[in-house]
Amino acid sequence: MATDVKYRDIVREVALDHYGYVTTRDAVEAGVPAVELPKLAARGGVEHVAYGLYRVPEVPPTRLDKFAEALLRAGETAYLHGESVLAVFGLANVNPRRIKVAVRRRARPALPAFVELTQRSGDVSTTLYEGLESQTVADALLECRGRIETERLLEAARQARAEGLLTTVEWQRVVKGLRQ
Numbered sequence: 723m724a725t726d727v728k729y730r731d732i733v734r735e736v737a738l739d740h741y742g743y744v745t746t747r748d749a750v751e752a753g754v755p756a757v758e759l760p761k762l763a764a765r766g767g768v769e770h771v772a773y774g775l776y777r778v779p780e781v782p783p784t785r786l787d788k789f790a791e792a793l794l795r796a797g798e799t800a801y802l803h804g805e806s807v808l809a810v811f812g813l814a815n816v817n818p819r820r821i822k823v824a825v826r827r828r829a830r831p832a833l834p835a836f837v838e839l840t841q842r843s844g845d846v847s848t849t850l851y852e853g854l855e856s857q858t859v860a861d862a863l864l865e866c867r868g869r870i871e872t873e874r875l876l877e878a879a880r881q882a883r884a885e886g887l888l889t890t891v892e893w894q895r896v897v898k899g900l901r902q
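Just so we're aligned: the sequence shown equals residues 723 to 902 in the working numbering.
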């Protein structure tokens, strides 16, 4: 029984850094055998979310949990893109029904309806925002041309610049791209 408590504590520590989620891979890297996660789920210590993905119910929920879950469900090369990046920061007054996730190589995970998966090829610049792999804000603003009104995107760019999310070079590139 002491081993179960120890494994549960390790899993909780890993989950605290990942919005309450832990993958089998992360647990194994932290020293928890893969067979322990289903045991913990059966005892109510964790909730099984998807294949290889668990949630620790003791970790308080945040507004970014669904974004983290979407990325973890999509796999290692996944990153947020488009409107989802803007939604993370409350830019352009977007609230997408589906979280847009892109992957660099072909992936066919079973995904819930709230995740929209896109395959992107080529060199894509990503960064970490709030611990979530994401397309840069500048690229996300430009990607949303035609789907969001230009004036809203320009206002979002101003807000992003004021919040330090865009460098001067990115700001100039975004403004020029939106006004074309």
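All C-beta atoms in this analysis are idealised placements derived from N, C-alpha and C, irrespective of residue type, glycine included.
A direct Cα-to-Cα measurement between alanine 792 and valine 736 gives close to 18 angstroms. Partner residues in the beta bridge of serine 856, as assigned by DSSP, are Leu802 and Thr849.
With a 10 Å radius around the Cβ and a threshold of 16 neighbouring Cβ atoms, glutamine 857 comes out buried. Straight across, the Cα-Cα distance linking alanine 878 with leucine 813 is about 5 angstroms. When DSSP states are grouped into helix, strand and coil, leucine 813 belongs to the coil group.
Using a 10 angstroms sphere on the CB of alanine 835, the tally of other CB atoms stays under 16, which defines it as exposed. Taking aspartate 845 as reference, the option from Leu876, Leu839, Asp861 and Leu833 with the minimal CA-CA separation is Asp861. When secondary structure is reduced to three states using DSSP, arginine 826 falls in the coil class, being assigned neither helix nor strand.
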